[in-house]
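>
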Amino acid sequence: MLSALVVVPLIGALIVGFFPGVLSPALSRLITIVFAAISLILTIVVGAAFDLTHVGFQMEEFLPWLPDLGLNYRVAIDGLSFPLVALTNLLTLLLAFNSSVGLKPGTELQRPRLFYSLMLLVNSGVVGAFVAQNLILFFLFYEVELIPFYLLIVIWGSDKREYAATKFLIYTALSGILILAGFLAMNWLTGAASFDYGAINTTDLSRSTQLVLLALLLIGFGIKTPLVPLHSWLPDAYVESSAPVSIMLGGILSKLGTYGIIRFAVGLFPETWVSVAPVMATIAAITVIYGSFCAIAQHDIKRMVAYSSIGHMGYIILGTAALTPLSMIGVISQMVAHGLILALLFYLVGIVESKVGTRELESLNGLLNPIRGLPMTAALLILAAMASAGIPGMVGFISEFMVFQGSFPTFPVQTLVAILGTALTAVYFVILLNRTCFGKLDSSSAYYPRVTRTEYIPAFVLTIVIIFLGIQPAWLVRWSQVTSDAIAFVF
Amino acid sequence: MTQTLTPPSTKIPPSTHPLAEVIHRLEAGGTMLPDTPENLMQIIGLYKAYAVPMDFYWRDLLYIAEQVFLDPLPWNKYLISEEYLDRENHYSGDNADLRIWRGCGDAHPELREFMAQGELKKNLPRILHHLWHDRINMEFAEECMRSMLWHRDMYKPWNQFDGFLDTDEYKQNCDRAIKAYFKGNPAMLGLYKLFPDLFYEQCRQMSYYSNLGLFWEVMAPVFFEMSDLYDEGKMTSVPAAMDFLVNGIFAIAGRPIYHHVYIKGECFEIIPKSKGFTWLYEAALPYVEAVFYRTSPFRGTKSYNAQAKQVPDNQPEFHFGVLYADKFPVGTAGIPPTFLAQDMLHFLPEYLVEYYKQHCRGEDDMLVQLAVSFQRSMYCVTSAVIQALRAALLYPLDDEDPEHLMANRQFFEAQMDRFLRPEARIRDIQTQEYR
Numbered sequence: 003m004l005s006a007l008v009v010v011p012l013i014g015a016l017i018v019g020f021f022p023g024v025l026s027p028a029l030s031r032l033i034t035i036v037f038a039a040i041s042l043i044l045t046i047v048v049g050a051a052f053d054l055t056h057v058g059f060q061m062e063e064f065l066p067w068l069p070d071l072g073l074n075y076r077v078a079i080d081g082l083s084f085p086l087v088a089l090t091n092l093l094t095l096l097l098a099f100n101s102s103v104g105l106k107p108g109t110e111l112q113r114p115r116l117f118y119s120l121m122l123l124v125n126s127g128v129v130g131a132f133v134a135q136n137l138i139l140f141f142l143f144y145e146v147e148l149i150p151f152y153l154l155i156v157i158w159g160s161d162k163r164e165y166a167a168t169k170f171l172i173y174t175a176l177s178g179i180l181i182l183a184g185f186l187a188m189n190w191l192t193g194a195a196s197f198d199y200g201a202i203n204t205t206d207l208s209r210s211t212q213l214v215l216l217a218l219l220l221i222g223f224g225i226k227t228p229l230v231p232l233h234s235w236l237p238d239a240y241v242e243s244s245a246p247v248s249i250m251l252g253g254i255l256s257k258l259g260t261y262g263i264i265r266f267a268v269g270l271f272p273e274t275w276v277s278v279a280p281v282m283a284t285i286a287a288i289t290v291i292y293g294s295f296c297a298i299a300q301h302d303i304k305r306m307v308a309y310s311s312i313g314h315m316g317y318i319i320l321g322t323a324a325l326t327p328l329s330m331i332g333v334i335s336q337m338v339a340h341g342l343i344l345a346l347l348f349y350l351v352g353i354v355e356s357k358v359g360t361r362e363l364e365s366l367n368g369l370l371n372p373i374r375g376l377p378m379t380a381a382l383l384i385l386a387a388m389a390s391a392g393i394p395g396m397v398g399f400i401s402e403f404m405v406f407q408g409s410f411p412t413f414p415v416q417t418l419v420a421i422l423g424t425a426l427t428a429v430y431f432v433i434l435l436n437r438t439c440f441g442k443l444d445s446s447s448a449y450y451p452r453v454t455r456t457e458y459i460p461a462f463v464l465t466i467v468i469i470f471l472g473i474q475p476a477w478l479v480r481w482s483q484v485t486s487d488a489i490a491f492v493f
Numbered sequence: 356m357t358q359t360l361t362p363p364s365t366k367i368p369p370s371t372h373p374l375a376e377v378i379h380r381l382e383a384g385g386t387m388l389p390d391t392p393e394n395l396m397q398i399i400g401l402y403k404a405y406a407v408p409m410d411f412y413w414r415d416l417l418y419i420a421e422q423v424f425l426d427p428l429p430w431n432k433y434l435i436s437e438e439y440l441d442r443e444n445h446y447s448g449d450n451a452d453l454r455i456w457r458g459c460g461d462a463h464p465e466l467r468e469f470m471a472q473g474e475l476k477k478n479l480p481r482i483l484h485h486l487w488h489d490r491i492n493m494e495f496a497e498e499c500m501r502s503m504l505w506h507r508d509m510y511k512p513w514n515q516f517d518g519f520l521d522t523d524e525y526k527q528n529c530d531r532a533i534k535a536y537f538k539g540n541p542a543m544l545g546l547y548k549l550f551p552d553l554f555y556e557q558c559r560q561m562s563y564y565s566n567l568g569l570f571w572e573v574m575a576p577v578f579f580e581m582s583d584l585y586d587e588g589k590m591t592s593v594p595a596a597m598d599f600l601v602n603g604i605f606a607i608a609g610r611p612i613y614h615h616v617y618i619k620g621e622c623f624e625i626i627p628k629s630k631g632f633t634w635l636y637e638a639a640l641p642y643v644e645a646v647f648y649r650t651s652p653f654r655g656t657k658s659y660n661a662q663a664k665q666v667p668d669n670q671p672e673f674h675f676g677v678l679y680a681d682k683f684p685v686g687t688a689g690i691p692p693t694f695l696a697q698d699m700l701h702f703l704p705e706y707l708v709e710y711y712k713q714h715c716r717g718e719d720d721m722l723v724q725l726a727v728s729f730q731r732s733m734y735c736v737t738s739a740v741i742q743a744l745r746a747a748l749l750y751p752l753d754d755e756d757p758e759h760l761m762a763n764r765q766f767f768e769a770q771m772d773r774f775l776r777p778e779a780r781i782r783d784i785q786t787q788e789y790r
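Chains as they are written, first to last, in our numbering: chain A, 3 to 493; chain B, 356 to 790.
1) Under 8 angstroms between beta-carbons, which chain B residues line up against R452 (chain A)? List them in chain order, please.
2) For L722 (chain B), go through chain A and note every residue whose CB falls closer than 7 angstroms to its CB, in chain order.
3) By alpha-carbon positions, which one of B:R490, B:L453 and B:L486 ends up nearest to E468 (chain B)?
4) My understanding is that I353 (chain A) touches V103 (chain A), with C-beta atoms under 8 angstroms, so please give their C-beta distance in whole angstroms.
5) Classify N394 (chain B): buried if its beta carbon has 16 or more other beta carbons within 10 angstroms, exposed otherwise.
6) Hey, out of B:A638, B:K538 and B:M574, whose CA is closest to M509 (chain B)'s CA?
7) How about the segment 368-383 of chain A and the segment 338-355 of chain A: do they share at least three Cβ pairs that are nearer than 8 angstroms?
8) What are the boundary residues of the beta strand (DSSP E) that includes Y75 (chain A)?
9) Could you check the C-alpha separation between L42 (chain A) and I79 (chain A) for me, to the nearest Å?
10) If we cut at 8 angstroms on Cβ distances, does S518 (chain A) have a partner in chain B?
11) I need the straight-line Cα distance from F578 (chain B) to K403 (chain B), nearest angstrom please.
12) Is the Cβ of Y449 (chain A) closer than 8 angstroms to any Cβ of chain B?
13) Tell me which residues share the same chain as V412 (chain A) and place their Cβ nearer than 6 angstroms to its Cβ, disregarding the 5 neighbours each side in the sequence.
14) Alpha carbon to alpha carbon, what distance is there between C735 (chain B) and H488 (chain B)?
15) Rounded to whole angstroms, how far is the Cβ of S502 (chain B) from the Cβ of S629 (chain B), which I believe are closer than 8 angstroms?
16) Pull up the DSSP beta-bridge partners for A134 (chain A), would you.
17) Across the segment 437-451 of chain B and the segment 492-506 of chain B, are there enough close Cβ pairs to call them in contact, namely three or more that are closer than 8 angstroms?
18) Roughly how many whole angstroms lie between the Cα atoms of E457 (chain A) and Y199 (chain A)?
19) Would you kindly work out how many angstroms separate the C-alpha atoms of A688 (chain B) and F410 (chain A), rounded to a whole number?
20) Between which two residues does the beta strand (DSSP E) harbouring L486 (chain B) extend?
21) Extract the residue ranges of the beta strand (DSSP E) inside the segment 565-648 of chain B, only unbroken runs of 3 or more that lie entirely within it.
22) Report the residue from A:I157, A:M330, A:I33 and A:L71 whose alpha carbon sits nearest the alpha carbon of D487 (chain A).
23) In terms of residue numbering, what span does the alpha helix (DSSP H) encompassing E443 (chain B) cover?
24) Is the segment 594-608 of chain B close to the segment 376-386 of chain B, with three or more CB pairs under 8 angstroms?
25) Rounded to the nearest angstrom, what separates A375 (chain B) and K664 (chain B) at their Cα positions?
26) Assuming contact is defined by CB atoms lying nearer than 8 angstroms, are F694 (chain B) and N492 (chain B) in contact in what I supplied?
27) Is E788 (chain B) buried or exposed, if buried means 16 or more other CB atoms sit within 10 Å of its CB?
28) Which value, in whole angstroms, describes the spacing of the CA atoms of V646 (chain B) and Q422 (chain B)?
29) Should T417 (chain A) be labelled buried (16 or more other beta-carbon atoms within 10 Å of its own) or exposed?
30) Near A175 (chain A), what residues of its chain come up, given a Cβ to Cβ distance below 6 angstroms and the 5 sequence neighbours on each side ignored?
31) If we count the other Cβ atoms within 10 Å of its Cβ and call it buried at 16 or more, is P85 (chain A) buried or exposed?
32) Please identify the residue among A:A420, A:D206, A:V432 and A:V405 whose C-alpha is closest to the C-alpha of V307 (chain A).
33) Who are the near neighbours of A779 (chain B) in its chain, counting only those whose CB is closer than 6 angstroms to its CB and skipping five residues on each side?
34) Can you give the Cα-Cα distance for V124 (chain A) and P11 (chain A), rounded to whole angstroms?
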């Protein structure tokens, strides 16, 4: 079943990309939607079969590959990976439904077959990384993302796409090299018979060796997350990408970084992690504040959302550093919440850009105007901003609350600084909303096209999920409670 | 099809005014609005849509001025009596003493149908339509009236109506009417004794109700006739529309402006016809000045900061009128345009509805599109007023004397100076893209 989650989108990617014959854009989109829908349905089936009380991995599937080299195809799922798989498949389906978001009215998605194929390939790779139980298998899936994302940025991006794509490529390639070096070193130094997660035991290694290995992983995954000061690829990549690719980057790819930190840095180096946790908590607090202040300074709303993303990833690292049961539930919830909210924000920014033709704060105003503005888009933007700022009733609140509540006993100062970040989130989103949604619509330029119902559907779905999980957070935390307890009690 | 204009005179050099193009058009007998079939269709369609609610406005304004008068709780002032709906217009119908429109003299059939059924298209008691806000919005008309009342001293010394409101004669007339109106009401009479100026001010307001009602009594049949001529193919250009207005203005310029109050069947002449106040100087000019140019900062969501000089110190410099108003109701200036737009929406001719459907957001933003058309049509009306003033005070456009032509030029340039403000929409209406 888990393999199907990896294989189905891969088959879809191959069909859309290499089908010998003409596939119209509409048919390519339909095929993508079908495969993405199947993946989501399979995720629901997995969820139905998921044992909430089971500690550790479940639904394991194993296939010997190169046993002599310790390489096996081993996949399984737990409370950390399942919510992220579900998030990935949900976002992929929504993006397949409307990949034209952000395009100028009247223009069509260029090279749709390649785009949809790459999108499904990314989906397959990310899900594979989340369910992989072998270090090298994880690494392969992790690296599979590199080229598709490079192409997605460089082909469908905006003016500075080449610069952004190259920067992304260099940073993530470096990230991959560091992670691979760490994985190989772990295997060699521990003398493990295979690269399976269960076969790696680092506790016998010296503390300094552990520190070096942990540093490799932290820098590698810290680039992907990203953490300050390893973040500089992110604003360019997010901003220069088309809206769907920004959503994939922020909603899907960035989770691989935090997932890797939890799975490998915490999971494989529990004692050393605790010793570096104060540093990580401090970096997390700096990330929160830095991301927030940078967001406040922006004039481009997409760049503002991008920096907002950096700030919010800091909460995840803070909770992970604290490593308490509550903070870990908050961390996993925050990863999902961040993915949903960021996807909604980027999606709405894409709509605004496509209809208004600009993302500049100075040029945007009065979008709530009921007659010629984009009132529904603006209303959803307000709601997304509220969710991002952690307003109660939405999923952002409950996850951030759990992170702060769980982290405060361990790192009170860093937590308070991070809480200050939530206030700053409110500041930059109030700036964004005040300038874009309110004020007087410029009568000389306000001839914006209508937003169609099709364009709204992904935004509505994300909004409903954000509100539903905010009102009923048990539906979010129930999947990861046992796993997060286990991670927290590892030490 | 457009009318060929007289070319601008070559006897004087071209204007160097920033709005020289418009000035040259005015000198050629044109309007501030470019002469295009699209503009013509918009302004005539809007005149028709405006005329129907205007037919209600003038009747209700006179009803309030003459019948409701100083009622301290005038809850029924918008529930006009049948008598006023049947009242014959002096300028249309068989009984008109100066017939402008060939149609009926009582309330327009479309108006009667709307008043009976409203938007709901249901024959409910009128009070229910009213409470549901399914009605003609008199608030717009009252705002225009208040604007005229507030911006006093306009067009002195030609406008003598305003000055008369402060005379002892006017107060004596008011005194008789007030005492008759509140006869048997010691509380109100006692209040009148204590605060007479309060009552006089209310009377002045009522006089402006009458003033505006009498002004619109003329304009409604003018607009109906223009619409009919357009439908018959006899109104073929924007200058022709303006000429019709100019001719109409001169034809009815001398019609009386007065204020009569009817109390228990007795007529009290607060402003008698014998005072000689006329339609052009005492109503039309102050109306255009107050409503088209000045009004007041709209009480919308945008705050005008007087201390930051966003509101001029002097009332004559106010620039919040229709010709300056933002087409969006939020944060705009001028008369609240939403009420009027809503009123006109019910009576748009079919060709205009079809036109709006083809642009911007079609039916969804028709209120904004028609507000822009209204602005274009009011630029045409203002052009008529400017040309009428020029004709009355200065020289013909085809005058042979360069000094006279230069005097005309200076007059036009002075008029255009008022549109140099960035808020003025004159530059916008030069293209069809402004919708």
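Beta carbons are placed, not taken as given, at the ideal position from N, Cα and C, and that holds for glycine.
With the structure as the only source:
1) Close to R452 (chain A), with beta-carbon spacing below 8 angstroms, are these residues of chain B in chain order: R716 and D719.
2) I373
3) B:R490
4) The Cβ separation is near 6 angstroms, so the contact holds.
5) buried
6) B:A638
7) With three or more CB-CB distances shorter than 8 angstroms, the segment 368-383 of chain A counts as touching the segment 338-355 of chain A.
8) Per DSSP, Y75 (chain A) belongs to the beta strand (DSSP E) from L73 to I79.
9) Their backbone Cα atoms lie some 15 angstroms apart in a straight line.
10) An answer regarding residue 518 (chain A) cannot be provided, because it is not within the stretch 3 to 493 covered by chain A.
11) Each residue's Cα considered, the two are about 6 angstroms apart.
12) yes
13) One detail in the question is off: residue 412 (chain A) reads as Thr in this sequence, not Val. A324.
14) 31 angstroms
15) With a Cβ gap of about 28 angstroms, S502 (chain B) and S629 (chain B) do not count as contacting.
16) A:V77
17) No, the segment 437-451 of chain B is not in contact with the segment 492-506 of chain B.
18) 42 angstroms
19) In this prediction, A688 (chain B) scores a pLDDT of 47, lower than 50, which makes its location untrustworthy; no coordinate-derived value is stated.
20) From DSSP, L486 (chain B) is part of no beta strand (DSSP E) but of the alpha helix (DSSP H) over R481 to L486.
21) 614-618 and 621-626
22) The residue from A:I157, A:M330, A:I33 and A:L71 with its alpha-carbon nearest to that of D487 (chain A) is A:M330.
23) For E443 (chain B), no alpha helix (DSSP H) segment is defined, and its DSSP state is neither H nor E.
24) yes
25) 29 angstroms
26) Yes, these two residues count as a Cβ contact at 8 angstroms.
27) exposed
28) 25 angstroms
29) buried
30) none
31) With 16 or more Cβ atoms within 10 Å of its Cβ, P85 (chain A) is classed as buried.
32) The candidate whose alpha carbon is nearest that of V307 (chain A) is A:V432.
33) Y679
34) Straight-line Cα distance between these residues: approximately 9 angstroms.
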